[in-house]
Amino acid sequence: MSFYSLTSSIAAATIFITLLFSNSQAQLNSSFYATTCPNVTTIVRNALQQAMQSDIRIGASLIRLHFHDCFVNGCDGSVLLDRGGNITQSEKDGGPNTNSARGFGVVDNIKTAVENSCPGVVSCADILALAAESSVSLAGGPSWNVLLGRRDGLRANQSGANSSIPAPIDSLSNLTSKFSAVGLDTTDLVALSVHIIGLLC
Ligand code: HEM
Ligand SMILES: *[C@@H]1O[C@H](CO)[C@@H](O)[C@H](O)[C@H]1NC(C)=O
Ligand SMILES: *[C@@H]1O[C@H](CO)[C@@H](O)[C@H](O)[C@H]1NC(C)=O
Ligand SMILES: *[C@@H]1O[C@H](CO)[C@@H](O)[C@H](O)[C@H]1NC(C)=O
Ligand SMILES: *[C@@H]1O[C@H](CO)[C@@H](O)[C@H](O)[C@H]1NC(C)=O
Ligand SMILES: *[C@@H]1O[C@H](CO)[C@@H](O)[C@H](O)[C@H]1NC(C)=O
Ligand SMILES: *[C@@H]1O[C@H](CO)[C@@H](O)[C@H](O)[C@H]1NC(C)=O
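Here you go:
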């Protein structure tokens with residue numbers, strides 16, 4: 000295993016999150032929880048900072064989870080769904096995620112903190128989006144107002160995870176088409192291919 004400065008550059012993560020979400024989710028807005036959970040951004044950030052005390056890598060891992068969520072059936076939290084019940088093939092167990100996606104326990108802790116203040120209000124998909132922004136800004140990158148109002152999906156799409164998330168062996172044309180499928184262009188692809196945070200195994 001080699002330590003590697005990985006991930007999207009922090010600026011690149013900003014571009015990704017901003018473009019991806021403004022394109023496909025035009026109805027989202029940053030005041031979605033203004034009356035129902037006004038402190039949600041702070042609650043997420045505080046819970047994340049607490050997790051960072053014992054796991055400095057967690058921000059990188061949460062950025063990647065948000066990315067892997069959004070590339071499959073939109074940013075619907077489906078990457079978080081466990082196998083069981085009517086979910087026979089989770090995205091977690093798909094090739095791009097199994098043995099590499101991490102941070103699920105921290106997402107659960109953040110969700111619990113949010114639920115304690117605003118039960119049944121904030122979607123897991125929005126928590127991932129907020130956690131990704133806080134991860135970037137707490138790492139010293141830019142901050143931005145996260146557009147909110149995503150709804151959580153009830154089904155996972157493992158074959159979609161296998162086929163839609165970029166793989167290290169993908170050719171340039173494979174990568175271009177996978178980014179294009181979520182409204183990202185080649186400039187976004189180049190920017191986001193520079194991994195400068197996290198761990199590459
Ligand atoms: C361009 C295509 C991409 C490829 C082929 C790729 C591939 C990978 C691979 C192989 C890893 C290591 C996983 C492991 O074995 O633990 C990784 C980690 C990571 N990727 Fe990417 N990635 C891409 C794009 C992105 C994008 C768009 C983002 C975010 C916006 C991102 C964020 C990250 C982060 C933060 C990590 C580190 C996670 C951690 O340390 O837990 N990557 N990526
Ligand atoms: C944000 O979006 C929600 C849902 O569409 C809507 O109810 C709310 O009025 C919007 N807020 C603003 C400030 O646009
Ligand atoms: C939000 O946080 C402020 C302090 O920052 C606190 O006074 C207020 O009670 C909190 N509101 C809710 C709904 O938790
Ligand atoms: C899966 O089961 C849950 C309840 O356990 C239900 O709400 C959901 O609609 C089901 N999803 C599908 C795709 O059948
Ligand atoms: C997804 O990929 C994994 C690992 O390559 C494989 O085990 C699994 O069967 C694939 N799932 C689907 C639905 O194709
Ligand atoms: C699963 O993902 C693939 C690729 O992203 C997509 O073509 C397919 O429609 C998705 N399936 C479902 C049931 O959403
Ligand atoms: C890349 O794209 C080609 C042509 O569309 C396809 O045949 C191939 O399976 C793709 N490879 C990967 C790793 O997705």
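Taken in order, the sequence shown gives residues 0 to 200; the numbers are from numbering that gives the first Met the number 0.
Virtual Cβ for every residue (Gly too), placed ideally from N, Cα, C.
Since residue i contacts residue j with CB under 8 Å, what's their CB separation in whole angstroms?
i, j, result
"I57", "A46", "That pair is no contact at about 11 Å."
"I126", "H67", "Contact flag wrong, Cβ pair sits at about 15 Å."
"Q48", "L137", "7 Å"
"A180", "S77", "Contact doesn't hold; Cβ gap of about 16 Å is too wide."
"T35", "V120", "5 Å"
"G93", "Q157", "5 Å"
Nearer than 7 Å: is that true of the beta carbon of residue i relative to any heavy atom of ligand 1?
i, result
"L199", "yes"
"D151", "no"
"P141", "no"
"L191", "yes"
"I196", "yes"
"A59", "yes"
Counting only the same chain and skipping the five closest in sequence on each side, list residues whose C-beta sits under 8 Å from that of residue i.
i, result
"V189", "none"
"Q24", "Annotation note: pLDDT 46 at Q24 (below 50); position unreliable, coordinate value reported separately. If we look at Q24 and ignore the five residues flanking it on each side, its Cβ neighbours are G73, C74, L146, G148, R149."
"K177", "F70, S163, I164, P165, D169"
"D81", "S89, K91"
"A112", "I42, V43, N45, A46"
Going by beta-carbon coordinates alone, are residue i and residue j separated by less than 8 Å?
i, j, result
"S122", "D151", "yes"
"P95", "A160", "yes"
"N144", "S29", "yes"
May I ask whether a heavy atom of ligand 7 can be found less than 7 Å away from the beta carbon of residue i?
i, result
"S179", "no"
"N173", "yes"
"S163", "no"
"S122", "no"
"A130", "no"
Keeping to the same chain, check which residues put their C-beta closer than 6 Å to that of residue i; ignore five residues upstream and five downstream.
i, result
"V105", "A50, I57"
"F20", "No answer about F20 holds up, because its pLDDT of 49 lies below 50 and its placement is not dependable."
"L153", "none"
Is residue i near ligand 6, in the sense that its beta carbon is under 7 Å from a heavy atom of that ligand?
i, result
"G159", "yes"
"N72", "yes"
"A156", "In the sequence on display, residue 156 carries Asn and not Ala. It does: the Cβ of N156 is within 7 Å (strictly closer) of some heavy atom of ligand 6."
"S176", "no"
By Cβ distance below 7 Å, which residues in the same chain neighbour residue i in space, the five residues on each side in sequence not counted?
i, result
"I109", "V43, A46, L47, I126, A130"
Quick one: is the Cβ of residue i within less than 7 Å of any heavy atom of ligand 2?
i, result
"N28", "yes"
"G148", "yes"
"F103", "no"
"F31", "yes"
Cβ-heavy atom distance between residue i and ligand 5 below 7 Å?
i, result
"G93", "yes"
"Q88", "yes"
Any 3 or more C-beta pairs closer than 8 Å across the region 166-177 and the region 55-67: no
At least three beta-carbon pairs within less than 8 Å, the region 27-42 to the region 101-121: yes
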